[in-house]
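Participant:
Residue numbers (our numbering): 549 to 1176.
1) Once DSSP output is grouped into helix, strand and coil, what is the label at residue 722?
2) Take every Cβ of the region 585-595, pair it with every Cβ of the region 786-795, and state whether three or more of those distances are shorter than 8 Å.
3) Determine the DSSP secondary structure at residue 553, reduced to helix, strand or coil.
4) Considering just the uninterrupted stretch of the alpha helix (DSSP H) at residue 598, what are its terminal residues?
5) Taking the alpha helix (DSSP H) that residue 741 belongs to, which residues open and close that run?
6) Rounded to whole angstroms, how far is the Cβ of residue 1025 from the Cβ of residue 1069, which I believe are closer than 8 Å?
7) Where does the unbroken beta strand (DSSP E) through residue 1138 begin, and where does it stop?
8) Can you tell me whether DSSP reads residue 561 as helix, strand or coil?
9) May I ask which residues mark the beginning and end of the alpha helix (DSSP H) holding residue 1021?
10) Is it buried or exposed, residue 860, if we count other Cβ atoms within 10 angstroms and call 16 or more buried?
11) When the distance is taken between beta carbons, is residue 1128 closer than 8 Å to residue 1058?
12) Kindly indicate the opening and closing residues of the beta strand (DSSP E) around residue 505.
13) What does DSSP give as the partner residue(s) for residue 587 in the beta ladder?
14) Are the Cβ atoms of residue 1177 and residue 627 separated by less than 8 Å?
15) Please list, in chain order, all residues of the same chain as residue 563 whose beta carbon is under 7 Å from its beta carbon, the five residues on each side excluded.
16) With a cut-off of 8 Å, do at least 3 Cβ pairs link the region 600-608 to the region 632-647?
17) So residue 639 is in the beta strand (DSSP E); what residue range does that whole segment cover?
18) Could you name the residues of the same chain whose beta carbon sits closer than 7 Å to that of residue 844, not counting the 5 residues immediately before and after it, in chain order?
19) Please report the straight-line C-alpha distance between residue 661 and residue 819, rounded to a whole angstrom.
20) On the criterion of 16 or more Cβ atoms from any shown chain inside 10 Å, does residue 1050 qualify as buried, or is it exposed?
21) What does the alpha-carbon distance come out to for the pair residue 1133 and residue 1055?
22) Beta strand (DSSP E) containing residue 774: first to last residue?
23) Going straight from the alpha carbon of residue 556 to that of residue 722, what length do you get?
24) So what does residue 823 bridge to, in DSSP terms?
25) Out of 733, 761 and 754, which has the shortest C-alpha to C-alpha gap to residue 802?
26) Exposed or buried, what is residue 622 when buried is set at 16 or more other beta-carbons lying within 10 Å of its beta-carbon?
27) Hey, is the region 633-644 in contact with the region 726-743, meaning 3+ C-beta pairs nearer than 8 Å?
28) Any chance the region 957-968 sits against the region 905-915, with 3 or more Cβ pairs inside 8 Å?
29) Taking only the alpha-carbon atoms, compute the straight-line gap between residue 1016 and residue 1052 and give it to the nearest angstrom.
30) What would DSSP say about residue 571, mapped onto helix, strand or coil?
31) DSSP on residue 566, reduced to helix/strand/coil?
32) Output yes if chain B places a C-beta closer than 8 Å to the C-beta of residue 653; else output no.
33) Given this structure, state the Cα-to-Cα distance separating residue 1220 from residue 972, to the nearest angstrom.
34) Cutting at 6 Å between CB atoms, please list the residues of its own chain near residue 930, excluding the five before and the five after it.
35) Where do the N-terminal and C-terminal ends of the beta strand (DSSP E) with residue 999 fall, by residue?
36) Where residue 578 and residue 696 are concerned, what is the direct C-alpha to C-alpha distance, given to the nearest angstrom?
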């Protein structure tokens, strides 16, 4: 695809140099995509092409007067600076002209209260500047700066507001989202009155608007990254509209790019922010929908299988291949030969088949909605930064209330069919020969993008059946003493003290490794292997001895029982973290399941403030020992 494919003759006299008096009286070109018919209308007639139930998505970015002209402090040479991207701490990425006169250390003065120093030199006229000013920067820019009009506009803009949309509010753009300039407040009200929803996104327009395509092949053009943002409310409303089959109409390329970036990343609309370099050219497929859904596929009890909806199949395939490769390496390097109760003897084909068939064994509702993000997390889990730490690492000594025992932990490799490749295994020990050991519940977790995902907290049955363990249990149950039941109906007293201890030790490990975000899995709808094992253990012997209908009825009853068990496990897990928030002053619940998504989200911050004696001892007395 060549740039000359897009050549067309545009007489210069047809390029408007000044804005029309009434915004919505500009011309509107309408293409009927079914017939190919082209008609010329006035912009305010756009309401005739919008239907009740449609969702109009606008970009609420606001242009700052980002074009400022100053002089070099050394020579007095005139330098034009166009502010493109806020890098934080009063540092900006800028386009300057003439760029060859600006080196690292160059100081440019714009007024008595504003100057900049070049801190970094990049290609194509891009420079990083440290802004030094007296007062409020935006107020200074409003006084000194000019609106950075496109290069084909030669007339001076008399009214700065005419280069802003009427709904502009989020300051940060170097240029206006021009498609939205033609809307008036009155027209937007009429659109709302017709039953059309209006949703806002933010994309700060940057260098991409001013930078021409300099390559012959359009597909090799690289877009300059631009900041985007979508709110929770907008994401929810757009997902609802899409689910209901209503039209989502993006105003201009900036809104379109924001929507497509988020859909490509998450497979749905999501409250998020980030940087996009997406460049949409002919051939781009909008919101690819590849579904495995099959309405005829049924489980034994008559339920339809859980299905995946994949928005970007190309990316999905790449991640699936990468995960398979990494999991194969994990299995082989970990000597996990006996997987899924079949000895594969290193047969690569069998192991890959196993990996592909087991990857969806333990997924959440959220994972099913975001299979691409799920695969990425699974890949990241295999690169667990905590697994590199020394195993069997003691983190506390001589805890008197626990019979002068030590607290220790190990991080162990899990069977690949489980939720995570690693588990955190804390324990209390009083004897170096491991004669007196109290195993605390294991925590099945994963680390992805410096966030911790906790899937379950499990106790191994019959592991603590000894006199020492009974003593420890008696002490641990004092943790629940004097806990106020102020969180009814959650009943935060009804939690396992040993689980609390495991979680509190694990939180300390996370905190000391600068991991401050925790995501607790709410509910796993599948757990095929666990359910299958539990059910077949109960009813497997009945197969062939009862009728097919009776057998299916028994299967159905046992499935419901497994669902009940899973629900109880989920409730207990969530309740543990309710209690942890109550118990530890440095753990804060940010949101509950169904607030944002199907997970509970927590934040670790501040210093631990503990209201319980045992945990106090653990945290206070272990600090020095843990640092060793």
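Think of the CB as a built atom: it goes at the ideal place given N, C-alpha and C, for glycine as much as any other residue.
Facilitator: Result, derived from the coordinates:
1) Reduced to three states, the DSSP call for residue 722 is coil.
2) no
3) helix
4) In this chain, residue 598 is not harboured by any alpha helix (DSSP H), its DSSP state being neither H nor E.
5) 733-741
6) With 8 Å as the limit, residue 1025 and residue 1069 do not qualify as a contact, their Cβ atoms being about 27 Å apart.
7) 1135-1139
8) helix
9) 1015-1024
10) Burial of residue 860 is indicated by the presence of at least 16 other C-beta atoms within 10 angstroms of its C-beta.
11) no
12) Past the edges of the chain, shown from 549 to 1176, lies residue 505, and the structure says nothing about it.
13) Paired residue(s): 578.
14) The chain is shown only over 549 to 1176; residue 1177 falls outside these bounds and no answer can be derived.
15) 700
16) Contact fails: fewer than three Cβ-Cβ distances are below 8 Å.
17) Segment 639-645, the beta strand (DSSP E) holding residue 639.
18) Here the model assigns residue 844 a pLDDT of 30, short of 50, so the residue's position is not dependable, and the following value carries that caveat. Leaving aside the five residues that flank residue 844 on each side, none in its chain has a CB nearer than 7 Å to its CB.
19) 38 Å
20) Buried, by the Cβ-count rule.
21) 12 Å
22) Segment 774-778, the beta strand (DSSP E) holding residue 774.
23) 27 Å
24) 775
25) If we check each option's Cα against that of residue 802, 754 comes out closest.
26) exposed
27) Contact between the region 633-644 and the region 726-743 is absent, because fewer than three Cβ pairs lie under 8 Å.
28) yes
29) 22 Å
30) helix
31) coil
32) In the displayed structure, chain B is absent; only one protein chain is listed.
33) Summary: the structure shown does not reach residue 1220, with the chain confined to residues 549 through 1176, and so no result is reported for it.
34) 874, 878 and 969
35) 999-1006
36) 29 Å
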